[in-house]
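FYI, the numbering used here numbers position 77 of the sequence shown as 856, with every residue one higher than the one before it. Every residue gets a Cβ at the ideal spot worked out from N, C-alpha and C, and that includes glycine.
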Amino acid sequence: MSFPLPTSLSPSKVSTFKDCALAFRFSAIDKVPEPPSMPAVKGSLVHRALELLFVAKPHERTPSHAQECLSAATAEFMSNPEFIGLELDDVALGEFLADAAVMVDRYFGLEDPASFDPIGIELMLSASVGNLLLRGIIDRLDLDSDGELVVTDYKTGKVPSEKQELSRLGGVQFYAFLCERLFGKRPKKVQLIYLGPSPQIIVATPSEQSIRGLEQRVKAIWTAVERACEQEDFRPKQSMLCNWCSFKAYCPAFGGNPDDARYLTAAADLRSVDSPGAGSSGARSVAVSISRVGAELRETS
Ligand code: SF4
């Protein structure tokens, strides 16, 4: 009996497979529930505040309005299962919100949101490559004054080292590929806006060669995933990432048994039948449809 193939791949799943095939199996195939992580939930909150900021008219996108957007996003998050799962006490909650407020403020030191109007926010894109479905969410899509597409991805973690930057830029090519497939136009640039300590913008310029390279790499990874599923062979690969891995208790490299994770998933499935909707974050939404982006592109061409 072979493992079922995942139905799609996202940039984060591709990275997970490259980092450790067994962690990929736990996450993408066994779908083992992972505990909420403070940095990830804080990142989602900041993304939501910036999403709400761009709903306002350009001249209303001020730092004080951004803080109001953060308050509105926080009110939404109070009923979010992942946020509740953090179990923050009053002191920890205060620090969490203060950090998020600083990140939202830092954004204004990097860009003037009143100087442009996005054509897409939290845009969910997908495209087929052979029998594989690639999917990803673009934080923001802009059309510059020359009618060129600009993709923006907000990052709330630390700026990567030079070596890590290469793998982050692999994700950038992923977004450029999806845009080219769906809108028939390669983005002029993809910018990663870092809002953590040392805020800065890292810009990448996708080329025909870089996008084709991404396509080839993704096809090779998909072939490796198919082979691993067929042969039921997902091997652990130890690295520094094991220190933060949610699946360590089931990992044979640390004395665990992967089958225990499967029982846990089955139990979670039973609970979700009892309580539909539990576990879905629902915090981030797609604000602008792909058809609207297409219409904007046609108008400018
Ligand atoms: S603990 Fe390390 S080796 Fe084991 S699954 Fe996690 S990342 Fe892979």
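Next on the checklist: Quick check on Ser1054: does DSSP put it in helix, strand or coil?
Outcome noted: Note that Ser1054 scores a pLDDT of 44, beneath 50, so its modelled location is shaky and nothing firm can be said.
Next on the checklist: Taking the alpha carbon of Cys958 as the reference point, which residue from Leu974, Phe796, Lys934 and Leu913 has its own alpha carbon closest?
Outcome noted: Leu913
Checklist entry - Relative to the C-alpha of Val793, which residue among Val1004, Tyr1042 and Leu1020 is closest? => result Val1004
Checklist entry - Cα-Cα, which of Leu831, Lys821, Thr841 and Leu849 is closest to Glu861? => result Lys821
Next on the checklist: Measuring only the C-alpha atoms, how far is Lys1016 from Asp798?
Outcome noted: 7 Å
Next on the checklist: Can you list, in chain order, the residues of its chain with a C-beta nearer than 8 Å to that of Thr795? Leave out the 5 residues immediately preceding and following it.
Outcome noted: Ala802, Phe803, Ser806 and Ala807
Next on the checklist: Given the structure, does Phe1026 come close to ligand 1, in the sense that its CB is under 7 Å from one of the ligand's heavy atoms?
Outcome noted: Checking every heavy atom of ligand 1 against the Cβ of Phe1026, one is found closer than 7 Å.
Item to check | As assigned by DSSP and simplified to three states, the class of Gln970 | outcome: Of the three classes helix, strand and coil, the one that applies to Gln970 here is strand, per DSSP.
Checklist entry - Rounded C-beta distance between Val930 and Pro966? I'm assuming under 8 Å. => result 5 Å
Checklist entry - Between Gly899 and Leu920, is the Cβ-Cβ spacing less than 8 Å? => result yes
Checklist entry - Which first and last residues belong to the beta strand (DSSP E) in which Glu901 is found? => result Pro897 to Val908
Checklist entry - Ordered along the chain, which non-local residues of its own chain (more than five positions away) have a Cβ less than 8 Å from that of Ser1059? => result Bear in mind that a pLDDT of 37 at Ser1059, under 50, signals an unreliable position, so the model cannot answer this.
Next on the checklist: Using the three-state DSSP reduction, which class does Val930 fall into: helix, strand or coil?
Outcome noted: If DSSP states are grouped into helix, strand and coil, Val930 belongs with the strands.
Next on the checklist: So for Leu788, helix, strand or coil by DSSP?
Outcome noted: strand
Checklist entry - By the 10 Å Cβ neighbour count, where 16 or more other Cβ atoms means buried, how is Glu830 classified, buried or exposed? => result buried
Checklist entry - Would the beta-carbon of Val825 fall within 8 Å of that of Tyr933? => result If you check the CB distance, Val825 and Tyr933 come in under 8 Å.
Item to check | Proximity test, Pro814 beta-carbon vs ligand 1 heavy atom, cut-off 7 Å | outcome: no
Checklist entry - With respect to the alpha helix (DSSP H) encompassing Leu824, which residues constitute its N-terminal and C-terminal limits? => result For Leu824, the enclosing alpha helix (DSSP H) starts and ends at Met817 to Leu832.
Next on the checklist: At a cut-off of 7 Å, would you count Cys1008 as near ligand 1, judging by its Cβ distance to the nearest heavy atom?
Outcome noted: no
Checklist entry - Do you know whose CA, among Ala955, Ala999 and Ala854, lies nearest Leu902's CA? => result Ala955
Checklist entry - To the nearest angstrom, how far is it from the Cα of Pro1037 to the Cα of Asp923? => result Looking at the two C-alpha atoms, the distance is approximately 49 Å.
Checklist entry - Would Met882 be called buried (16 or more neighbouring beta carbons within 10 Å of its own) or exposed? => result buried
Checklist entry - Which whole runs of the alpha helix (DSSP H) in the region 823-882 are 4 residues long or more, in chain order? => result Whole alpha helix (DSSP H) segments, 4+ residues: 842-856 and 860-864.
Checklist entry - How many angstroms separate the CA atom of Cys848 from the CA atom of Ala828? => result So the two alpha carbons sit approximately 5 Å from each other.
Next on the checklist: To the nearest angstrom, how far is the alpha carbon of Asp869 from that of Thr841?
Outcome noted: 28 Å
Checklist entry - With distances taken between CB atoms, is the gap from Pro837 to Ala800 smaller than 8 Å? => result no
Checklist entry - For Gln1017, does the three-state DSSP call read helix, strand or coil? => result Here Gln1017 sits in coil by DSSP.
Next on the checklist: Quick check on this structure: which residue in Pro976, Thr984, Lys964 and Ser977 has the alpha carbon closest to the alpha carbon of Val951?
Outcome noted: Thr984
Next on the checklist: So for Val997, helix, strand or coil by DSSP?
Outcome noted: helix
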